[in-house]
Structures are given as structure tokens and as C-alpha cells.
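Read through the structure below, which is laid out as C-alpha cells, and then see the notes.
2 protein chains.
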Amino acid sequence: MNADKIPDIIIGRLPIYLRALQRLADQGIHNTSSQELGEMIGISAAQIRKDISQFGEFGKQGTGYSIPFLIERLQGILKVNRVWDVIVVGAGDIGHALARYNGFVNRGFQVAMVFDSDPNKVGQKVNDLEILGMDTMVEKVKQNKIKIAMLTVPASAAQTVAEQLVKAGVKAILNYAPIHLNVPKDVKVQHIDPATHLQRMTYYL
Amino acid sequence: MNADKIPDIIIGRLPIYLRALQRLADQGIHNTSSQELGEMIGISAAQIRKDISQFGEFGKQGTGYSIPFLIERLQGILKVNRVWDVIVVGAGDIGHALARYNGFVNRGFQVAMVFDSDPNKVGQKVNDLEILGMDTMVEKVKQNKIKIAMLTVPASAAQTVAEQLVKAGVKAILNYAPIHLNVPKDVKVQHIDPATHLQRMTYYL
Numbered sequence: 131m132n133a134d135k136i137p138d139i140i141i142g143r144l145p146i147y148l149r150a151l152q153r154l155a156d157q158g159i160h161n162t163s164s165q166e167l168g169e170m171i172g173i174s175a176a177q178i179r180k181d182i183s184q185f186g187e188f189g190k191q192g193t194g195y196s197i198p199f200l201i202e203r204l205q206g207i208l209k210v211n212r213v214w215d216v217i218v219v220g221a222g223d224i225g226h227a228l229a230r231y232n233g234f235v236n237r238g239f240q241v242a243m244v245f246d247s248d249p250n251k252v253g254q255k256v257n258d259l260e261i262l263g264m265d266t267m268v269e270k271v272k273q274n275k276i277k278i279a280m281l282t283v284p285a286s287a288a289q290t291v292a293e294q295l296v297k298a299g300v301k302a303i304l305n306y307a308p309i310h311l312n313v314p315k316d317v318k319v320q321h322i323d324p325a326t327h328l329q330r331m332t333y334y335l
Numbered sequence: 131m132n133a134d135k136i137p138d139i140i141i142g143r144l145p146i147y148l149r150a151l152q153r154l155a156d157q158g159i160h161n162t163s164s165q166e167l168g169e170m171i172g173i174s175a176a177q178i179r180k181d182i183s184q185f186g187e188f189g190k191q192g193t194g195y196s197i198p199f200l201i202e203r204l205q206g207i208l209k210v211n212r213v214w215d216v217i218v219v220g221a222g223d224i225g226h227a228l229a230r231y232n233g234f235v236n237r238g239f240q241v242a243m244v245f246d247s248d249p250n251k252v253g254q255k256v257n258d259l260e261i262l263g264m265d266t267m268v269e270k271v272k273q274n275k276i277k278i279a280m281l282t283v284p285a286s287a288a289q290t291v292a293e294q295l296v297k298a299g300v301k302a303i304l305n306y307a308p309i310h311l312n313v314p315k316d317v318k319v320q321h322i323d324p325a326t327h328l329q330r331m332t333y334y335l
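Residue numbers (our numbering), protein chains in the order written: chain U, 131 to 335; chain P, 131 to 335.
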């Protein structure tokens with residue numbers, strides 16, 4: 131296994147496999163096959179076998195995959211066999227939704243802090259978290275060695291805030307602002323923009 | 131131009147180009163180049179030129195692209211030179227955030243209806259929209275010829291609701307439930323799942 135050489139497109143499918151396997155495990159199922167998994171997620175069995183085999187031998191011909199074992203290995207590969215502290219920057223509607231979302235913790239994440247620049251929001255609570263002033267963000271991120279941020283500020287502020295996050299040591303940004311972020315190569319960005327996703331589908335209507 | 135033959139990966143980049151061009155237009159800029167656009171969005175100038183040339187001749191060697199013209203053409207290609215009615219199914223935190231989001235209308239979409247199955251939510255308002263009962267969804271979607279839905283119900287309900295949407299004539303689903311949807315091939319699905327996006331980045335940490 132040479133992790134550096136695994137194409138990003140394969141890495142992108144692993145969380146999908148993991149999610150489906152966790153769903154099966156929640157139903158009390160212990161074994162699955164690439165066929166069954168493929169039908170669940172709309173990816174061919176051959177593709178799944180090929181992707182997973184990049185990381186070693188996981189299944190046996192004929193008996194399929196042990197779900198607990200494959201979950202453990204995928205969690206290890208994706209480094210979510212631990213819980214990462216994540217910050218939410220921007221306490222608007224989406225920021226609140228993310229801070230209150232209960233689907234993170236069993237997938238390796240917890241919202242540790244929420245920041246906003248609006249003095250009227252600072253000090254208010256989202257769940258058990260007090261909204262913190264943006265002026266304290268760099269210091270708090272550094273202190274707590276936070277590596278992951280979800281960015282839900284307006285597009286006009288996003289690039290500036292992203293640069294502050296990078297300066298503070300953040301290496302992964304989930305960007306909800308409808309703008310591309312320019313960050314150094316060692317910082318990963320994933321974009322969530324519903325209008326972009328919708329436009330990708332209207333082409334086919 | 132043979133639209134049916136354009137690879138989906140190219141279609142996926144067009145909304146990114148359109149978003150960047152609209153941003154330049156908002157700043158009062160009338161012309162751009164593939165170099166400038168590429169720097170804005172982190173895609174090579176050559177890739178942008180190649181993608182755009184799939185749809186005809188848009189720019190002139192040396193003078194670049196006319197922004198209003200390219201916006202108009204991309205909006206036409208993506209069929210967002212109109213405003214599509216979209217429904218939100220599930221009036222939780224994310225459903226509320228989507229219904230209240232003001233970034234849709236200048237990108238071709240407006241939230242026309244919001245549905246929920248909870249009798250305590252039905253009749254309440256999100257912005258100017260009254261939350262409607264899920265039992266009226268199929269009928270209302272058919273009546274209003276809605277083609278696009280944003281699905282924010284729990285994972286356990288998502289497949290059933292998706293099947294109702296398909297039955298009602300929906301052809302594009304933006305799925306916020308953390309589960310793969312099985313739908314007919316002529317129905318497009320895009321997935322937004324923050325934990326999946328985060329896991330794709332932790333691999334590199």
C-alpha cells in the first residue's frame with residue numbers, strides 16, 4: 131500500500147462505502163458482498179472491489195466482506211477512527227444547522243466551537259456552545275490545534291476568513307460560501323453550494 | 131454542438147464558471163480571459179477553454195470573453211435562463227436554511243413550497259411560505275409541474291419520499307439525507323452530506 135499514490139477519486143468513494151457499511155452494521159448485519167454494497171450505492175461491484183483492493187486484502191472469494199473489519203479498516207484509512215474537533219465559522223442558518231447536527235459524531239467529527247463576527251450573536255448559545263467572536267478565532271484554533279473548519283460566512287468575507295484559518299493551522303475547509311477559495315496546496319477544500327449542484331442537474335431537464 | 135455527448139464532468143464545471151463570471155459581472159467587469167477565470171477558480175486556463183469550446187465559439191484570440199455574452203450562453207446551456215420552482219421536503223434546520231436562503235433566485239431557482247410530515251410544523255411559516263403536509267406533496271408537485279426537489283428528511287425516510295417525488299414527476303433531487311437514493315436513470319440526484327465531505331479530507335491530514 132502506497133497511500134500517496136491512491137487517486138483522489140478513489141479516496142472520494144471510500145466515505146460512501148463506509149457510510150453504507152455503517153448503515154448495514156446498524157441493522158445488525160455482519161457480512162456483505164461487493165454486489166450487495168454496489169446495489170445499495172449505485173456503484174458497480176467490480177469498481178468497489180478494485181477500490182478496496184488498493185488498500186490490501188479485505189474480503190474472501192465467496193464469503194464476501196466482514197462488515198466490522200471493513201469499517202475498522204476504512205475508518206483507519208480515512209483517519210476517522212478518532213473524533214476530530216471541527217469549528218463552524220459563521221453562525222447563520224447553515225452554521226446553526228451544522229452546530230446542531232447530530233450525524234457527525236459517529237462519523238468522526240464534533241463541532242467544538244462556533245464563531246461569528248456579529249457582536250449581537252457573540253455570547254448566544256447554539257446547543258451547548260457559546261458563539262465566540264471572530265477576533266478570537268486564530269488564537270483559539272491555534273491553542274486547540276484545530277485542523278478542520280466549516281465555513282458558512284457570506285461570499286464577500288470567505289476568502290479573508292479562509293486565509294485566517296490557514297494562518298491558524300487549519301488544513302481542511304468545508305466551504306459553504308458560494309465562492310472558490312484560494313488556499314495553499316497543502317490545505318484541502320470541499321465545496322457545498324446548493325445552487326451549483328442544482329445547476330448541474332437542470333442541464334439534463 | 132451535440133449536447134448529449136458532453137461528458138458529465140464538463141457539465142459539472144459549467145456552474146463553477148457561471149458563478150465566477152456572475153461575480154465578475156457584479157463587480158462591473160465586462161471582459162475576462164481563461165487565465166483570469168482560471169486563477170479565480172483554480173482550474174487551468176486550457177481546461178476552461180476546452181470545456182467552453184465544446185459549446186461553440188465564445189471568445190476571440192487576444193480579446194478574451196465577453197462576460198455578459200458568456201453568462202447568457204452558459205445560462206442557456208444549463209437551462210437557468212429562467213427561474214425554476216423548487217420544493218423543500220423536510221422543514222428541519224437545513225430545510226429552513228434552504229427556504230430562507232437568498233442566493234437561489236439570481237441563479238435560476240426559487241423555493242416554491244416546503245413540506246413536512248410533522249403535524250406540529252404544518253401550517254407554520256418559513257419566510258412567506260406555509261409549511262404543507264407531506265400527504266399533499268404528490269398532488270401539489272404534479273399540479274404545479276415541479277421538476278426539482280431538495281430533500282432534507284431523515285435518512286430512514288429518504289428513499290420512500292424520493293420514490294413519491296419520482297412518482298409525482300420530479301426529475302432532479304438534491305439529497306441532504308446521508309443515504310444513497312435508488313431512483314430511475316432519468317432522475318438526477320446530487321448528494322450533499324457534510325460528514326462525507328469531511329471524511330474525504332481527513333485522509334490527507
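We put the CB at the ideal spot given by N, CA and C, even for glycine.
Identity of the residues DSSP links to residue i by a beta bridge
i, result
"Ser196 (chain U)", "U:Asn161"
"Met267 (chain U)", "The partner list for Met267 (chain U) (beta bridge, DSSP) is empty, contrary to what the question assumes."
"Val216 (chain U)", "U:Val241, U:Ile278"
"Ile303 (chain U)", "U:Ala279, U:Val319"
Span of the alpha helix (DSSP H), counted from its first residue to its last, around residue i
i, result
"Glu293 (chain P)", "285-297"
"Lys104 (chain U)", "It is not possible to answer for residue 104 (chain U), since the shown part of chain U is limited to 131 through 335."
"Met331 (chain P)", "324-332"
"Ile146 (chain U)", "138-156"
"Ala175 (chain P)", "175-183"
Under 8 Å between C-beta atoms of residue i and residue j
i, j, result
"Lys301 (chain P)", "Lys315 (chain P)", "no"
"Pro145 (chain P)", "Thr326 (chain U)", "yes"
"Gly240 (chain P)", "Val218 (chain P)", "A small correction: the amino acid at residue 240 (chain P) is Gln; Gly does not occupy that position in the sequence shown. Cβ atoms of Gln240 (chain P) and Val218 (chain P): not closer than 8 Å."
"Lys270 (chain P)", "Gly299 (chain P)", "no"
"Gln329 (chain P)", "Leu148 (chain U)", "yes"
"Val235 (chain P)", "Leu259 (chain P)", "no"
"Met280 (chain U)", "Leu304 (chain U)", "yes"
"Thr282 (chain U)", "Gly220 (chain U)", "yes"
Rounded straight-line distance, which links the Cα of residue j to that of residue i
i, j, result
"Asp136 (chain P)", "Met331 (chain U)", "Reading the sequence as shown, one finds Ile at residue 136 (chain P) and not Asp. The alpha-carbon atoms of Ile136 (chain P) and Met331 (chain U) are separated by roughly 14 Å."
"Val252 (chain U)", "Gly222 (chain P)", "24 Å"
"Asp138 (chain P)", "Ile197 (chain U)", "32 Å"
"Asn132 (chain U)", "Ile178 (chain U)", "Note on Asn132 (chain U): pLDDT 49, under 50, position unreliable in the model; the coordinate value appears next. Straight-line Cα distance between these residues: approximately 18 Å."
"Leu226 (chain U)", "Ile322 (chain U)", "Here residue 226 (chain U) is His; the residue named in the question, Leu, does not match the sequence. Each residue's Cα considered, the two are about 16 Å apart."
"Thr266 (chain P)", "Asp248 (chain P)", "13 Å"
"Ala176 (chain P)", "Leu167 (chain P)", "11 Å"
"Lys297 (chain U)", "Val268 (chain U)", "7 Å"
"Ser286 (chain U)", "Gly238 (chain P)", "21 Å"
"Gln273 (chain P)", "Ser183 (chain U)", "49 Å"
"Thr290 (chain U)", "His160 (chain P)", "25 Å"
"Ser174 (chain U)", "Ser163 (chain U)", "12 Å"
"Gln157 (chain U)", "Tyr195 (chain P)", "54 Å"
"Ala288 (chain P)", "Tyr306 (chain P)", "9 Å"
"Ile140 (chain P)", "Arg153 (chain U)", "32 Å"
"Glu202 (chain P)", "Thr193 (chain P)", "18 Å"
"Leu204 (chain P)", "Ala292 (chain U)", "29 Å"
"Ala242 (chain P)", "Phe185 (chain U)", "46 Å"
"Arg143 (chain U)", "Gln165 (chain P)", "31 Å"
"Pro284 (chain P)", "Ile224 (chain P)", "11 Å"
"Leu335 (chain U)", "Asp181 (chain P)", "20 Å"
"Asp246 (chain P)", "Arg212 (chain U)", "35 Å"
"Asn250 (chain P)", "Trp214 (chain U)", "35 Å"
"Phe188 (chain U)", "Lys275 (chain P)", "48 Å"
"Ala155 (chain P)", "Pro308 (chain U)", "15 Å"
"Gln320 (chain U)", "Gln320 (chain P)", "15 Å"
Cβ-Cβ separation, residue j to residue i (assumed contact under 8 Å), whole Å
i, j, result
"Leu200 (chain U)", "Leu262 (chain U)", "Incorrect: roughly 39 Å between the Cβ atoms, too far for contact."
"Met264 (chain P)", "His310 (chain U)", "That belief does not hold up - the Cβ atoms of Met264 (chain P) and His310 (chain U) are roughly 37 Å apart, past 8 Å."
"Ala229 (chain U)", "Val256 (chain U)", "4 Å"
"Leu208 (chain U)", "Tyr231 (chain P)", "Not confirmed; about 30 Å, so no contact."
"Gly172 (chain U)", "Asn312 (chain P)", "7 Å"
Terminal residues of the beta strand (DSSP E) in which residue i lies
i, result
"Met243 (chain P)", "239-246"
"Asp258 (chain P)", "Run containing Asp258 (chain P): none; DSSP gives neither H nor E here."
"Ala227 (chain P)", "Ala227 (chain P) -> not in any beta strand (DSSP E); alpha helix (DSSP H) instead, spanning 223-230."
"Ala307 (chain U)", "Here Ala307 (chain U) belongs to no beta strand (DSSP E), and DSSP marks it neither H nor E."
Closer than 8 Å to chain B by CB, residue i
i, result
"Asn232 (chain U)", "This model lacks chain B altogether, as its protein chains are U and P."
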